[in-house]
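Enquirer: So the sequences go chain by chain: C and D.
In terms of the working numbering, the first sequence has 122 at position 122, counting the first letter as 1, and numbering is strictly consecutive.
In terms of the working numbering, the second sequence has 210 at position 45, counting the first letter as 1, and numbering is strictly consecutive.
Cβ atoms here follow ideal geometry from the backbone N, Cα and C, with glycine treated the same way.
This structure is in structure tokens; I'll ask about it shortly.
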Amino acid sequence: MKRTGRKKDALRKIVLIFAAVAVLGGVGWAVRIRVTGGWTEIIDFNDLQGGPGSDLISSYESLFDAVDIDITGAGNDIWEVDIRRVDTNWQPVFTLEARRTSSHPDVYGGTAYQQVTMSDQLFFYTNVRANNARNIKIQYRLSGVSVQIPPGNYTTMVYYTVIAR
Amino acid sequence: MLISTWILCWPGLSMAQTQGTSNVSIIINEVAAGKVSGGNVTLIIQAPGIAGQPPQHAVDSTCYLQYTSSLQTGQSRQVAASWLPLDSAPSGCSLSLQAFPAARSGEGTSAGQITVSSTAQIIISGITQCATGTGGTDGALLTYTLTVVAATNLIAGQVTSSTIVLTILDAS
């Protein structure tokens, strides 16, 4: 009886150890994203297309590195990054676009401006396993500005979601 | 054993971050800007063609006030005109001014003809959000009329250079 009990205990310990290793290993490989930066644009008299009488410039670009993204923990996964926005106070005539301005081995897509909508859309991806990518630079472009837009502070939050594929 | 396994796992789980955010903020400030196209205006009082008749008034309609206005919905602006403090019309004359905004949304309406004085008077009201344009005939046409009001006070050969100030104001 004692020998059987010891065997069961040992077996239980082994199972738990394997479970712990598996879970920890899985967590360690879970692909993660870190997003830093943003964009604030102030539009005023200096942005008139041609002085008094002219309209405001309609399109604005952020710095090429307005946002910095790190993808880590890719482990054995391939991944994609989706993009969407959630408006706080936004104008429906605004069009917000984003593009990836840095190049990384085996990271594809997102180098041409694409509209950031309210629903997740594929932005860029890799098809190579264990492809951790750091310092992915993102640039924004806004269009649709005119004097018809009431003065104010318009904000939206851009969400980047990394998904293991 | 079970407890220690969870203790090991939980901090690791909480570190997984699959979503990040970045804020985009667009700040649009109010704009009120104007300029006069067409340059200076020269008005000359001519002698009457027939003796005994009053000298003829002079009219100029070559200038346009071009303006851009961006402001909160429900608010409006107006344009006022006045002499510079030390300026005036030539002796025996008065200068009147009327603005004719284009009939386009937000560019306002004429407040009628005024006699220019040192007190600012409204010539356009009801300006909201607009950009009149910057072409040669864009904006509100300005018509200046120099009228002889007292022929006996005219001074032949007198040349008076005066400046009219046009100001875009928030309507109260």
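Around the C-beta of glutamine 121 (chain C), are 16 or more other C-beta atoms found within 10 angstroms, so that it is buried, or is it exposed?
Expert: Looking up residue 121 (chain C) in the first sequence gives position 121. Exposed, because fewer than 16 other Cβ atoms sit within 10 Å of the Cβ of glutamine 121 (chain C).
Enquirer: Return the CA-CA distance between alanine 305 (chain D) and threonine 40 (chain C), expressed in angstroms with no decimal places.
Expert: Sequence index remark: in the second sequence, residue 305 (chain D) carries index 140 (1-based). Sequence index remark: in the first sequence, residue 40 (chain C) carries index 40 (1-based). The straight-line gap from Cα to Cα measures roughly 35 Å.
Enquirer: Taking a contact to mean a Cβ-Cβ separation below 8 Å, would you say tyrosine 238 (chain C) touches arginine 99 (chain C) in this structure?
Expert: Because residue 238 (chain C) is not part of the residues shown, which for chain C are 1 to 165, the question remains open.
Enquirer: Quick one: does serine 326 (chain D) have its CB under 8 Å from some CB of chain C?
Expert: Residue 326 (chain D) sits at position 161 when you count from the first residue of the second sequence. Chain C, which has no Cβ nearer than 8 Å to the Cβ of serine 326 (chain D), makes this no.
Enquirer: DSSP three-state label for leucine 24 (chain C), please.
Expert: Here residue 24 (chain C) is taken as the residue at index 24 of the first sequence, counted from 1. For leucine 24 (chain C), the pLDDT reaches just 44, beneath the cut-off of 50, and the residue's location in the model is therefore unreliable, although a value from the coordinates is still provided. Leucine 24 (chain C): helix per DSSP, three-state reduction.
Enquirer: Thinking just about the alpha-carbon of each residue, which of C:Asn132, C:Ile136, C:Pro52, C:Gln91 is nearest to the one in alanine 296 (chain D)?
Expert: The sequence position of residue 296 (chain D) within the second sequence is 131, counting from 1. The option with the nearest alpha carbon to alanine 296 (chain D) is C:Pro52.
Enquirer: Taking all protein chains shown into account, do 16 or more other C-beta atoms lie within 10 angstroms of the C-beta of threonine 293 (chain D), making it buried, or fewer, making it exposed?
Expert: Along the second sequence, one-based indexing puts residue 293 (chain D) at 128. By the 10 Å Cβ count, threonine 293 (chain D) comes out buried.
Enquirer: Could you name the residues of the same chain whose beta carbon sits closer than 8 Å to that of glycine 271 (chain D), not counting the 5 residues immediately before and after it, in chain order?
Expert: Counting from 1 along the second sequence, the entry for residue 271 (chain D) is found at position 106. Cβ neighbours of glycine 271 (chain D) beyond the five flanking positions: Ser234, Ile292, Thr293, Gln294, Cys295.
Enquirer: Taking DSSP as the reference, what is the three-state secondary structure of threonine 317 (chain D)?
Expert: Taking the second sequence and counting its residues from 1, one reaches residue 317 (chain D) at position 152. Threonine 317 (chain D) falls in the helix class under three-state DSSP.
Enquirer: Among residues of its own chain, excluding the 5 on either side of proline 250 (chain D), which ones have a beta-carbon nearer than 7 Å to its beta-carbon?
Expert: Taking the second sequence and counting its residues from 1, the one referred to as residue 250 (chain D) is at position 85. The residues are Ser283.
Enquirer: Tell me whether asparagine 131 (chain C) sits in a helix, a strand or coil according to DSSP, three-state version.
Expert: On the first sequence, position 131 is the one that residue 131 (chain C) refers to. Correct three-state label for asparagine 131 (chain C): coil.
Enquirer: Report yes or no: do the stretch 239 to 254 of chain D and the stretch 317 to 333 of chain D share at least 3 C-beta pairs separated by less than 8 Å?
Expert: Yes: at least three Cβ pairs fall under 8 Å.
Enquirer: Closest to glutamine 49 (chain C) by CA distance: which of C:Val145, C:Asn153, C:Thr156 is it?
Expert: As a first step, residue 49 (chain C) must be located in the first sequence, where it is residue number 49. Looking at the Cα atoms, C:Val145 is the closest of the given residues.
Enquirer: Just list the residues that DSSP pairs glutamate 195 (chain D) with in beta bridges.
Expert: Sequence index remark: in the second sequence, residue 195 (chain D) carries index 30 (1-based). According to DSSP, which records beta bridges pairwise, glutamate 195 (chain D) is partnered with nothing at all.
Enquirer: Can you give me the start and stop residues for the beta strand (DSSP E) that arginine 242 (chain D) sits inside?
Expert: In the second sequence, the residue the question calls residue 242 (chain D) occupies position 77. Arginine 242 (chain D) -> beta strand (DSSP E) spans 242 to 248.
Enquirer: How is asparagine 46 (chain C) classed by DSSP in three states: helix, strand or coil?
Expert: Locating residue 46 (chain C) in the first sequence gives position 46, where the first residue counts as 1. It is helical.
Enquirer: Restricting to runs no shorter than 3 residues, where is the beta strand (DSSP E) found entirely within the stretch 215 to 293 of chain D?
Expert: Taking only runs of at least 3 residues, the beta strand (DSSP E) segments lying wholly in the stretch 215 to 293 of chain D are 223 to 235, 242 to 248, 258 to 265, 272 to 275, 286 to 292.
Enquirer: Go ahead and pull the three-state DSSP assignment for arginine 165 (chain C).
Expert: Here residue 165 (chain C) refers to the residue found at position 165 when the first sequence is read from its first residue. If DSSP states are grouped into helix, strand and coil, arginine 165 (chain C) belongs with coil.
Enquirer: Cβ atoms of alanine 254 (chain D) and leucine 311 (chain D): under 8 Å apart, would you say?
Expert: Sequence index remark: in the second sequence, residue 311 (chain D) carries index 146 (1-based). Sequence index remark: in the second sequence, residue 254 (chain D) carries index 89 (1-based). Yes. Within cutoff.
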